[in-house]
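Each number in our numbering comes from the position in the sequence shown (counting from 1) with 198 added on.
Glycine included, every Cβ here is placed at the ideal spot set by N, Cα and C.
Just below is one structure, and these are the notes that go with it.
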Amino acid sequence: MSAAADAGPFLPAEHYRHSGRLGAGAFLLPLTAVLAPLALGYVYAYMNVYVTADKLRALAAMAYGAALGLLVFWVSKKGKCRNNLFVGSMGLLAGLAGVYAAWAGFIPVLFSKVNVPSPPSYLDCLSSPAALWDTVCEIANVGWFTYSKRTVKDLELWFFWACEAATIVLIAAALAYWLARDLVFCERCLRWCEEQADAARASLPPGQELPELKTGDLRELAERHPPTEPLAPYARIDLNMCRQCNNTGTYKIVLVEPAADKKKEKLKASRPFLMTPANAPLLGKLLARKNAPPAGSSPPPPAAT
Ligand SMILES: [Zn+2]
């Protein structure tokens, strides 16, 4: 009797969801969301004032947002926080604090550059939001940099600043949220599962739709061998397993349409499905075939006419 038959009638596989527990992230994340921008904000302000190329300046804003988002994600992982919404909110908070710290750093750095006598310190600006706001409004009235040989000021400068702030906040929040969403946690061993991409492959006929991306059904895929043609479409299995108990885990089904130019390869991935006693034997079968040569029983591809 085959493993597919043993598994009985197929019940749609369940998607994995975090438990929602905050772990040590409950206090580590708010701390990070406030402290990280204080340190990085000044560095960003320095780049903002001294980097003159527009594209580089835009890249610096993206890099600043990404650094804040990555830091929040990293701390959420260390603190075993299993709540995407909380991690995303802390990314948002880090982004907002990041914008504030960037402005607080911008004033002393700019004033030193243009030799304003006794400029306020970074700490002065951080601790006096009202004075900081007044100074920023004054700078908006006169402008501080040129674009296409004219000074950017007033509404145009405010628009520029709004775009810069949105870039920082959105990238920090989205990055923290998306990265945290991709993790799998074993509540039994209290540890993160480990990712094993491309754990198995199953060949597909050209142009085949893959409803399994929605259902997680592995019965038909488990009967298929790895692809032998380099450019033939195939289904790829990515695993995320607890290496301690080997019991908790998820799998993603990825539809891969290879192309001669690797950059043009098309990928379509399912959300992670929970591994259950019903689908584990089918996964085992797929994994066992990964390095095995194709069985003699598989028919040769039809000759082109
Ligand atoms: Zn475990």
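How long is the line joining the alpha carbons of residue i and residue j, rounded to whole angstroms?
i	j	result
Lys278	His216	11 Å
Ser496	Leu481	At Ser496, the pLDDT of 47 sits below 50, so the modelled position is not reliable; the number obtained from the coordinates is stated separately. Their Cα atoms are separated by approximately 20 Å.
Leu484	Asn444	17 Å
Glu392	Leu330	46 Å
Leu416	Glu410	7 Å
Gln394	Asn313	56 Å
Val454	Pro431	6 Å
Leu402	Asn477	20 Å
Leu353	Tyr345	14 Å
Gly222	Gln442	Before going further, note that residue 222 is Ala rather than Gly in the sequence given. C-alpha separation (whole angstroms): 21 Å.
Trp390	Phe383	4 Å
Pro479	Glu407	24 Å
Val350	Lys466	44 Å
Leu220	Ala264	22 Å
Ile451	Pro424	14 Å
Ser316	Leu381	49 Å
Leu229	Gly293	13 Å
Leu227	Ser274	7 Å
Gly218	Arg280	5 Å
Tyr449	Val270	26 Å
Leu254	Phe309	21 Å
Ala205	Cys440	Here the model assigns Ala205 a pLDDT of 46, short of 50, so the residue's position is not dependable and the matter cannot be decided.
Val334	Ile305	8 Å
Phe225	Ala251	39 Å
Lys276	Ala374	13 Å
Ala338	Arg386	56 Å
Phe284	Trp272	14 Å
Out of the options, which has the shortest C-alpha to C-alpha gap to residue i?
i	options	result
Cys361	Thr474, Arg219, Leu236 and Leu257	Leu257
Phe343	Arg441, Asn246 and Gly286	Asn246
Ala457	Gly447, Glu427 and Pro479	Glu427
Ala261	Phe358, Glu354, Gly223 and Ile369	Ile369
Ala300	Asp252, Ala211, Trp359 and Cys335	Trp359
Lys213	Ala486, Ser468 and Pro475	Note that residue 213 is His in the sequence shown, not Lys. When only C-alpha atoms are compared, the closest one is Ser468.
Glu421	Ala398, Asp436 and Thr413	Ala398
Leu291	Phe309, Ser310 and Gly267	Gly267
Trp356	Val367, Lys347 and Val340	Val340
Leu236	Tyr298, Thr365, Cys387 and Ile435	Tyr298
Asn282	Ala486, Trp376 and Ala243	Trp376
Arg487	Asp459, Cys440 and Ala400	Ala400
Ala211	Pro404, Lys412, Val249 and Glu463	Lys412
Ile435	Leu321, Met473, Lys461 and Val367	Met473
Leu233	Pro470, Gly447 and Gly289	Gly289
Glu463	Pro475, Leu429 and Gly447	Leu429
Asp396	Ala378, Leu437 and Asp459	Leu437
Gly239	Trp272, Ser287, Tyr320 and Tyr248	Tyr320
Pro327	Gly303, Lys347 and Arg348	Gly303
For the beta strand (DSSP E) containing residue i, name the first residue and the last one.
i	result
Tyr449	Gly447 to Glu455
Ala467	Lys464 to Ala467
Tyr432	Tyr432 to Met439
So residue i is in the alpha helix (DSSP H); what residue range does that whole segment cover?
i	result
Lys461	No alpha helix (DSSP H) contains Lys461, which DSSP labels as neither H nor E.
Ser325	Tyr320 to Ser325
Lys483	Ala478 to Ala486
Does the beta carbon of residue i come closer than 9 Å to any beta carbon on chain C?
i	result
Ser217	Absent from the structure: chain C. Only one protein chain is present.
Inset, instruction - Could you tell me which uninterrupted alpha helix (DSSP H) segments, each at least 4 residues in length, are contained entirely in the segment 220-288, listed from first to last along the chain? - result: 223-248 and 252-276
Inset, instruction - Any chance you could list the alpha helix (DSSP H) runs of at least 4 consecutive residues sitting entirely within the segment 332-412, in chain order? - result: 352-379
Legend entry - Heavy atoms of ligand 1 versus C-beta positions, residues under 6 Å: Cys384, Arg386, Cys387, Cys440, Gln442, Cys443, Asn445 and Thr446
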